[in-house]
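Quick note: the sequence shown, position 12, residue 11 per numbering that gives the first Met the number 0, numbers continuous.
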Amino acid sequence: MMLALLLVGSIVGVAAMVALNYWLRLSEPARLRDIDEAVERLDADAVGFAAGEAVLAEDGSAALIESADGSSIGLLAARGDQFVIRYLKPGLVQAARIGEGGRLTIRLADFTFAPVDFPFGASPRIRHWADKLNALQG
């Protein structure tokens with residue numbers, strides 16, 4: 000009987016924590032508002048990052064920002080409620096493929112970084128960015 004009460008109490012407690020987390024919106028995924036926010040995050044990560052050409056995912060889940068001198072491309076990708084940043088240089092990109100619905104899938108030569116599914120939508124620039132990324136293949 001005591002074991003059953005302990006089990007029920009645990010389930011109710013966990014359910015209450017999940018409900019509270021949902022109600023307080025603590026489980027919201029990270030999203031970028033605009034390119035300026037992405038540039039600010041890159042500058043905070045690598046002080047002095049000078050931004051060049053940039054593109055933001057339709058849903059704000061990722062951004063690609065080329066450095067002003069063209070030496071690297073900053074990639075910001077939402078992972079949970081945070082962003083993971085990688086600076087892409089020659090040899091770091093495994094593949095950049097265009098999929099259905101204007102999605103650009105980016106695979107890096109970094110086993111700790113899962114592929115990024117970048118929703119471009121109907122942008123005609125998708126081929127341009129895929130070519131830029133594929134030029135960085137090792």
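Every residue, glycine too, gets a C-beta built ideally from N, C-alpha and C.
In the DSSP assignment, the residues bridged to E65 are I72. Taking a cut-off of 8 Å for Cβ pairs, the stretch 76-85 and the stretch 33-47 touch, as three or more such pairs fall below it.
Under the DSSP assignment, E52 falls in the beta strand (DSSP E) whose first and last residues are A50 to L55. In the structure shown, the three-state DSSP call for R40 is helix.
Take Q136, set aside five residues on each side of it, and the residues of its chain with a beta-carbon closer than 6 Å to its own are V92, in chain order.
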